[in-house]
Each structure stands twice: as structure tokens, then as C-alpha cells.
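Asks:
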């Protein structure tokens, strides 16, 4: 029964990773860049919810929506100001810029809200569900997180496969030049990708901090990196891959915490990444990319 | 036995057969042309010959040694050098250093000799500089030796790529559209250079080129590819009059 | 040979050495004249360590062109290995021998880690390589944080859980105490040692860069496919750059560790790796002298401008972004080229006019 508890908590954590990983995987698939600052967008979103819901007492759903709006604007702004000028530049330059943006967000948060951890009030009002005579208790946060992840995943898949905007995104991800020739507005498509990714980051942030209720400027960094690991694990660029990678990573992390060592759980997660990249560099569901000579 | 013997060479990407049943025989000291419409698979052939792509069928034998599917590094050591359609120079390095990199396996000394500046370092570097300058002179690049490769005008970049390829001391040189983007004067000059390189180094040269005057002007044997298959082979005259070639290529293009 | 007729790279290298030696002489003079504040004196060894770290990271990032986000990890393993050797030997070995030994072991262990990490990692490209080096840095940090090491009459004991699980006999000595790390280190690092290490690093890396192997490494950065086509073994040379870089990071770790009385793994985290990267980017990727100056200046400046301390990392972040966009944005690069070309044309026109007159 204890194992089941760890497993379910792992799936819940994994759902958060999956939501964050979606942002990475879409941006990587379409803009061909690793948006290092994605994890820090989550942190900013969480602060928005913290103040809207925790301090001003707004309705939790309104708070999360507000946070989604803020993150969307933030995501689009980052892309416009920092990444777009570097389109066509070496990937090393783009990556370093993204690291700079990540640092910038953390430092701004630190100046605005100080580094001391804030205790985050859960946005989930659902009561815990008790099963097997109280042997297995599933928290409301866990249920909402898993449900939200599944709903978003399905909605996003439908959006990409069944709308013209979604098709435009696929076209840009396949071949940017060809998409442009066919009349797809590449800049707008990339902006939209950042917008969706950032809005999902806001949701992920609210859910993450509801389950793990400490918030500080570095809150987003580690989950961000792990979610990237999840995206790579599942196969970068693939939406179902992000989902599977996220869940697996959450489960691995929680089980290693429970059965191996709390201190080494991060190390284990990262070793999984290294092993995956060695055995199957394209991840579980990824495609091989050929370099043109 | 010929210098290069290619038999039944083929490669498929996914379900697409890019090149099939290619036979090619290259003799020492001769100039060969590989032509065909866009997308015929010419560069793919080069990529297989130099190990960038692994052929899915067939054999490549250089100087009696089977080099099929070997890595680009080993194939370079075996004696095939190439240039690229979209120029690939070491753009932030000097013109001289580009050629010296080409000599990587010709004049060698190990890491420690370099770090500790042992006597061999000076000696070998002098040798490299001397040889590299000779090559640059052939291509009239000796005046620009200390410029960055990216600072050269387009035509000279193409020449530098050939010089770098020659620095590897190849038995066979593959040139992928050497005259692309050159004006008629430059093309004429390049023809002279290619011929004299062949004579001076006694190597075989196989080149892909769209400029028909260039190909007809210097190649002793021309192979025509269409849809990944050889449709004709022979000297310039034969090719010019081959109805298949006219249909596939000359008729449509010129 | 006069300065003018010398090869350009040789002259440039001599200037770099000159700067380091001048810095040493000025600081020594200040110290003799009693002009040194204690806080500045305390910064001297860390400055040297950061200079070595920046120069060595530049070999990977600037010369080889691969982004490594785990440089602090190599620093960490070097620091721990070297400090262990030092604490075990300094009482019964002449001090210089003990120190030299700890530097050698620190560098060697970091180099071995460079090899172990490099073999799998260097098969990957670009962003993947960056993220895996980051992962490596985190793994090292987590392991060193959880590592307990000690010895007693029965031999060496270790545990990844807690001090008690090592099962040390009562006479046992704890060497590494988990998150508390190594304590009670007798400080040994000096500014002179730091300068010697900088000079050694510069000699090795500059000589490497200006040799056959260095050209191969640079060629891989500029065009991997072309480098392969001229017969360069990509893996070997990437690995060479990675290992040399790791060795010096390890030695810098030893220098840094022996400057304090305790050594904890937490110090060598992702932020430290990024800090070193900032030095490299600010000094100019591939520009070794730039790394030296940037690392020294950026370590000293925050001390001098204490009021700016809160904004230090914020400024670094902005500098990273602005530098990258300014130097690498295709539009801005072509715009800058146009402007410099305009200047050149104007100057040429002026010259012509003068000559005509």
C-alpha cells in the first residue's frame, strides 16, 4: 500500500513535469531552441498566484487564469526581445542567451520578492480521497494535477492535429523555410508556441506549488531542468513523449526518494538522462534528425 | 586495376532509393565528370564515397582496399579528399591554418610536442608552413595567407577548399560544383588550375558541375545520373549526342 | 626577434603573460607598501582560481565550441581529491611536496572524470551536450554532499547515508563528513601559487591552441563535417579538449579549497558553473586573454562596489543577453559590418583625396 502511495505521488509529480515538459518540447520542436528560462517562467507564474490568491484573496481559478495571462505575455516578450534577434545564430549563442534570461528572471524575482521562501496556499479545494479503510489517502492536489495534465494533453493534441493553426505549427517544425513559402507566418507561429508553453507553465507552477508549498526565486529552476530531462526522455519534439517522459521521471524520482536515498534522488534522475541519451539519443518517441551535407 | 572501383552502389533513405546500381571506375591521373539534373543523386554519391552516408548496397574499393561504409576520417586517410557544394571552410581560422589543418595526417607530431614546444614542434611547423604556402601559391592565395577564411571573396573560398583538400595528399579528389557562383573569367581560370593540379599531382579528379562548358572542356569521361541511376557514360561528344541525356538534362535545362 | 617581426599569435601570448606578471608585481608592491585592504588580500587566491577556471572553460566553450555547464563539477572533484591528499600528507611530508602532490592528484582525478564524462557526452551535440554536462555537475554535487569517508585501523570506510553507517572503529578518523565536507584544513594556498598556476595553465592551453592538436580542435568548432573530411578524429580531439579543460578546473579547485579551512560540495553548484561561463562570454569566446581579464575584474569589482552587490547577478544576466545579441544576431552582425565598411570606405576616400592633393 505504501508503494502505491509513492507511485501515485510520483505520477502526480510526473504530471507537473509533463506540463512543463510540454513547453520545452513544443518550443524545441518549433523554434529549435532549448528555452532554458522556461522553468523560471513557472516561478514567476507561481508568484502571481501566490499574491492574487494568497494575499489578495481572489478566486483560485481567477488567480490561475491571471497567472496564465501574465506568463503568456512574459513568454511572448522573452521570445520577441531575447530570442528572435538570434534566429539563425549558432545554437551556442541562443543557449547562452536563454541561460541569461533564466538568470535575469531569478534575479528580478529576488530583488522584488526577496529570497526567503514563501509558504504557498494550495489552490486546490478538493478534499483528500481515502481508500482501503484509510490505508491509501490521495490528496486533492494529486487528483487535480493528474486530471489537469490528462485534459491539457488531450486538448493540445487535438489542437495541433485538427486546427489550421496547429497544422501551421507542425509545418514550421518540419521545415521552417518551406512553411514560410507556403504562406505560414513563422514569427507568429513561434510566438504562439511560446504563448501556449508559458500559459501551461503557469498552470504547472500553481499545481507544483500546491503540492510542494514553498516558493522562492529558485523554485522553478530544478523542476525546469528535470522537465527538460523528461522531454528528452520521451523524445524531444513529441507531445505524447513529453507526457510519458514526465510521468516516468516523476515516478523514478519519487521511488528513489522512498527506497534509495532522498539526497541522491536528483542524481538518479540525471543518471537516467545520461543513460537514455546514450542508449537512445532520440528519446523514447523521438525522431532522428539528419544533417544535410 | 583502376584506382577507384565502385560496383552496384546504392542507398535508400526511408523508402526512397536515392542512388541505385551505380558502377564507376576511376583511373589514376584522369579527370571525370558526374552530371545530372538537380536531385539526381550526385552529391549523395560523393557522400557515400567519403563516408558521410553509409551505402545500403554495393562496394567501394580504393587502390585495392575496400572502404565501403568506413568513416570519413578513415576514408580521408585512405586517400579521398573532397570539397563541398555549400562551402565548408574553417571560417574563423586563417587561410594558412585552413591548409595546415588539411595536412593533419601528413605532417604529424603529438600533443606533448606542441604543449612543451619540443624541437620537433618548430621543425614540423616549418615544414607545414612551407608546404601550405606552396599550395596557396598554386591557387594564387599566398597574398591572403593571414586573412580569415571568411574574409575571402566567394571564388577564392572555393579555391581554398580545393587547396585544403589537396593538403590531405589524396589519390582521388572529389570536387562538388567547383565553378558554382564564379564568373566566366574565374571559371576559365579554374579550369586551368584543375588541369594543372591533375598534371602536377598526378591524381584522379571526379567533379560534379552544372557548368557544361566546364565539364565538357576538361573531363575525359562523363557519367550522367538521373533519378539515382546512370543513364549515360562517355566523352563529351557522346554525352552531348545521347538522346536520353538530352531528354533528361540538356534539353530541359539549356 | 623584435616584437614586430614575431608571429602574431606569439606576440599576443607574450602580452597575456605580461599582464599576469604585471598584476603579480603590482599586487606584491602594494602588499609591501601596506596598501592592501584585508578584503582585497582575501580575494587574491579566489581571483587566481577563477582565472584558471575561465581559461580552462574557454578551451571547451570558445575553442572547441561546445557548451559545458558542469565546469564546477570538475572543480569539485579536483578540490576534494586534492584536499584529501593534502590533509593526509601535510603532517609527515615536506609542505611543498604535499602541496604539489595534492595539485597533481586533484588535476588527475578531475581529468579522469573528464574522460569518463567525455566519452559518452561528446557523442551528443549542442544543447544535449550542455544539458548532460549540467546533469553531471548536479550528480557530482549530490554525491559529494552525501558522501561520508573515513578510515581506521581496519581500512577505508565510506557511506552515502550517514556518518554512523561507515562503521568506523572508535579510533577512526572521518575525512569527508557528508554535507559538512572536509573541515579543519590548514590553509596552504598563496597568491604566488595562484599566479604560478595561472602561468602554467596559460602556457599549456596557449601552446596547445597554437599547435597541430589545437588547430584540429578549432577546425571541429568551425566545421565538424569538414574537419572529418580532412581526416581528423573528432572524438579524440573533443576528448582531448575536454580532459585538458577538466584537469585545470580540478587544479583550480585545489587552489581554491586550500585557501579555506573547510570545503563543502555545495559551493560547486550550477551557479558557479554559470559564473565561470559569464567570465568566458564577457572576455570573448575563444579569447584566452579576455578570460583572464574578465575573471579577475569581475571577481574584484563586486568587492569594490559593495553597494552594487545585490545587483551583481542581475547585471551579469543582462550582460550575457546583450553580449550574445550584439555579437551573434545575424541582423546586428551585418549591420555592424556595414558600418565598419562605411568607415573604411570613408577613410579610403579621405586618403585618396589627400594623395590627390
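Chains as they are written, first to last, in the numbering used here: chain W, 77 to 369; chain Z, 24 to 277; chain L, 55 to 411. Even for Gly, the Cβ is constructed at its ideal location relative to N, Cα and C.
Is there a Cβ from chain L that is less than 9 Å from the Cβ of residue 107 (chain Z)?
Replies: Looking up residue 107 (chain Z) in the second chain gives position 84. Yes, its Cβ sits closer than 9 Å to a Cβ of chain L.
Asks: Leaving out the 5 sequence neighbours to the left and right, which residues in its chain are closer than 7 Å to residue 221 (chain L) when beta-carbon positions are compared?
Replies: Translated into the one-based positions of the third chain, residue 221 (chain L) becomes position 167. Around residue 221 (chain L): 211.
Asks: What are the start and end residues of the alpha helix (DSSP H) that includes residue 211 (chain W)?
Replies: Here residue 211 (chain W) is taken as the residue at index 135 of the first chain, counted from 1. Careful: residue 211 (chain W) lies outside any alpha helix (DSSP H) and carries neither H nor E.
Asks: Just to make sure I have the definition right: I need the residues of chain W whose C-beta is within less than 7 Å of the C-beta of residue 199 (chain L). Which are they?
Replies: As a first step, residue 199 (chain L) must be located in the third chain, where it is residue number 145. The contacting residues are 339.
Asks: Suppose only complete runs of 4+ residues qualify. What are the alpha helix (DSSP H) ranges in the segment 72-156 of chain L, listed by chain order?
Replies: 92-112 and 125-143
Asks: Can you give the beta carbon distance from residue 146 (chain Z) to residue 126 (chain Z), rounded, assuming they're within the 8 Å contact cut?
Replies: One-based indexing of the second chain puts residue 146 (chain Z) at position 123. One-based indexing of the second chain puts residue 126 (chain Z) at position 103. Rounded, the Cβ-Cβ distance is 14 Å, inconsistent with contact.
Asks: On the DSSP bridge assignment, give the partners of residue 252 (chain Z) in chain order.
Replies: Within the second chain, residue 252 (chain Z) is the residue found at index 229, counting from 1. DSSP, once it has assigned bridges, lists Z:249 as partnering residue 252 (chain Z).
Asks: From residue 303 (chain W) to residue 102 (chain W), what does the alpha carbon distance come to, in whole angstroms?
Replies: By one-based count along the first chain, residue 303 (chain W) stands at place 227. By one-based count along the first chain, residue 102 (chain W) stands at place 26. Spanning the two alpha carbons is a distance of roughly 13 Å.
Asks: Going along chain Z in order, which residues have a C-beta closer than 9 Å to the C-beta of residue 139 (chain L)?
Replies: The count along the third chain starts at 1 and reaches residue 139 (chain L) at position 85. Those within 9 Å of residue 139 (chain L) in chain Z number zero; the least Cβ separation is about 24 Å.
Asks: Less than 9 Å between the C-beta atoms of residue 64 (chain Z) and residue 229 (chain Z), yes or no?
Replies: As a working mapping, residue 64 (chain Z) is identified with position 41 in the second chain. As a working mapping, residue 229 (chain Z) is identified with position 206 in the second chain. No, the pair does not count as a contact, with Cβ atoms beyond the cut-off.
Asks: Within 9 Å (strictly less), CB to CB, does residue 171 (chain W) reach chain L?
Replies: Translated into positions along the first chain, residue 171 (chain W) becomes position 95. Cβ-Cβ to chain L under 9 Å: yes for residue 171 (chain W).
Asks: How many Å lie between residue 305 (chain L) and residue 315 (chain L) at the Cα?
Replies: Within the third chain, the letter at position 251 stands for residue 305 (chain L). Within the third chain, the letter at position 261 stands for residue 315 (chain L). The straight-line gap from Cα to Cα measures roughly 17 Å.
Asks: I'd like to know whether the C-beta of residue 199 (chain W) is nearer than 9 Å to at least one C-beta of chain L.
Replies: For the purposes of this step, residue 199 (chain W) is taken as residue 123 along the first chain, with counting starting at 1. So, not an interface residue.
Asks: What's the C-alpha gap between residue 412 (chain L) and residue 106 (chain L)?
Replies: Because residue 412 (chain L) is not part of the residues shown, which for chain L are 55 to 411, the question remains open.
Asks: Taking a Cβ distance cut-off of 8 Å, strictly less, list which residues of the segment 208-223 of chain L are near chain W, in chain order.
Replies: 214 and 215
Asks: Do you know whose CA, among Z:158, Z:59 and Z:54, lies nearest residue 191 (chain Z)'s CA?
Replies: Along the second chain, one-based indexing puts residue 191 (chain Z) at 168. If we check each option's Cα against that of residue 191 (chain Z), Z:158 comes out closest.
Asks: Compare the C-beta of residue 354 (chain W) with all C-beta atoms of chain L and state if any pair is closer than 9 Å.
Replies: For the purposes of this step, residue 354 (chain W) is identified with residue 278 of the first chain, where counting begins at 1. Yes, because at least one Cβ of chain L sits closer than 9 Å to the Cβ of residue 354 (chain W).
Asks: Might you give, ordered along the chain, the residues of its own chain that have their beta carbon closer than 7 Å to the beta carbon of residue 289 (chain L), omitting 5 neighbours on each side?
Replies: The residue labelled residue 289 (chain L) in the question sits at position 235 within the third chain. These residues qualify, in order along the chain: 176.
Asks: Which whole-angstrom value describes the C-beta separation of residue 321 (chain W) and residue 359 (chain W), a residue pair presumed to lie in contact below a C-beta threshold of 8 Å?
Replies: The count along the first chain starts at 1 and reaches residue 321 (chain W) at position 245. The count along the first chain starts at 1 and reaches residue 359 (chain W) at position 283. Right, the Cβ-Cβ distance comes to about 7 Å (below 8 Å), so this counts as a contact.
Asks: State buried or exposed for residue 97 (chain L), treating a residue as buried only when at least 16 other CB atoms are found within 10 Å of its CB.
Replies: Indexing the third chain from 1 puts residue 97 (chain L) at position 43. So residue 97 (chain L) ends up on the buried side.
Asks: Between the C-alpha atoms of residue 334 (chain L) and residue 170 (chain Z), what's the straight-line distance to the nearest angstrom?
Replies: Along the third chain, one-based indexing puts residue 334 (chain L) at 280. Along the second chain, one-based indexing puts residue 170 (chain Z) at 147. Roughly 25 Å between the two C-alpha positions.
Asks: In angstroms, rounded to a whole number, what distance separates the CA positions of residue 171 (chain W) and residue 112 (chain W)?
Replies: Against the first chain, residue 171 (chain W) aligns to sequence position 95. Against the first chain, residue 112 (chain W) aligns to sequence position 36. Those two C-alpha atoms are separated by around 7 Å.
Asks: I want to verify the contact list: residues of chain L whose CB lies under 9 Å from the CB of residue 123 (chain Z), in sequence order.
Replies: Within the second chain, the letter at position 100 stands for residue 123 (chain Z). In chain order: 266 and 269.
Asks: DSSP puts residue 203 (chain L) in a beta bridge; with which residues?
Replies: One-based indexing of the third chain puts residue 203 (chain L) at position 149. Answer by DSSP bridge pairing, in chain order: L:212 and L:230.
Asks: If we cut at 9 Å on Cβ distances, does residue 109 (chain W) have a partner in chain L?
Replies: Along the first chain, one-based indexing puts residue 109 (chain W) at 33. Taking Cβ atoms only, chain L reaches closer than 9 Å to residue 109 (chain W), which makes this a yes.
Asks: Looking at the structure shown, is residue 356 (chain W) part of a helix, part of a strand, or coil, going by DSSP?
Replies: One-based indexing of the first chain puts residue 356 (chain W) at position 280. Coil at residue 356 (chain W), not helix or strand.
Asks: By the 8 Å beta-carbon criterion, what residues does the segment 280-297 of chain L contribute toward chain Z?
Replies: 280, 281, 282, 283, 284, 285, 286, 287, 288 and 294
Asks: Could you pull out every residue in the same chain whose Cβ sits closer than 8 Å to the Cβ of residue 261 (chain W), ignoring the five residues on either side in sequence?
Replies: If you number the first chain from 1, residue 261 (chain W) lands on position 185. If we look at residue 261 (chain W) and ignore the five residues flanking it on each side, its Cβ neighbours are 244.
Asks: Can you check the segment 223-300 of chain L for any alpha helix (DSSP H) of at least 4 residues that lies completely inside it and give the ranges in chain order?
Replies: Runs found: 245-263, 266-276 and 278-283.
Asks: Ends of the beta strand (DSSP E) at residue 42 (chain Z)?
Replies: Mapped onto the second chain, residue 42 (chain Z) falls at position 19. It spans 39-49 - the beta strand (DSSP E) in which residue 42 (chain Z) sits, taken as one unbroken run.
Asks: Show which residues of chain L have a CB atom less than 7 Å away from the CB atom of residue 120 (chain Z).
Replies: Counting from 1 along the second chain, the entry for residue 120 (chain Z) is found at position 97. Within 7 Å of the CB of residue 120 (chain Z), the CB atoms of chain L belong to 269, in sequence order along the chain.
Asks: Taking Cβ-Cβ distances below 8 Å as the criterion, which residues of the segment 54-68 of chain Z are in contact with chain L?
Replies: none
Asks: Compare the C-beta of residue 308 (chain W) with all C-beta atoms of chain L and state if any pair is closer than 9 Å.
Replies: Taking the first chain and counting its residues from 1, the one referred to as residue 308 (chain W) is at position 232. With 9 Å as the cut-off, residue 308 (chain W) counts as an interface residue toward chain L.
Asks: Taking three-plus beta-carbon pairs below 8 Å as touching, is the segment 126-136 of chain W in contact with the segment 229-245 of chain W?
Replies: no
Asks: Applying the 10 Å Cβ sphere with the 16-neighbour rule, what's the burial state of residue 182 (chain W)?
Replies: Start at 1 with the first residue of the first chain, and residue 182 (chain W) comes out as number 106. Result: buried.
Asks: Tell me the rounded alpha-carbon separation between residue 297 (chain W) and residue 117 (chain W).
Replies: Translated into the one-based positions of the first chain, residue 297 (chain W) becomes position 221. Translated into the one-based positions of the first chain, residue 117 (chain W) becomes position 41. Cα to Cα, residue 297 (chain W) sits roughly 9 Å from residue 117 (chain W).
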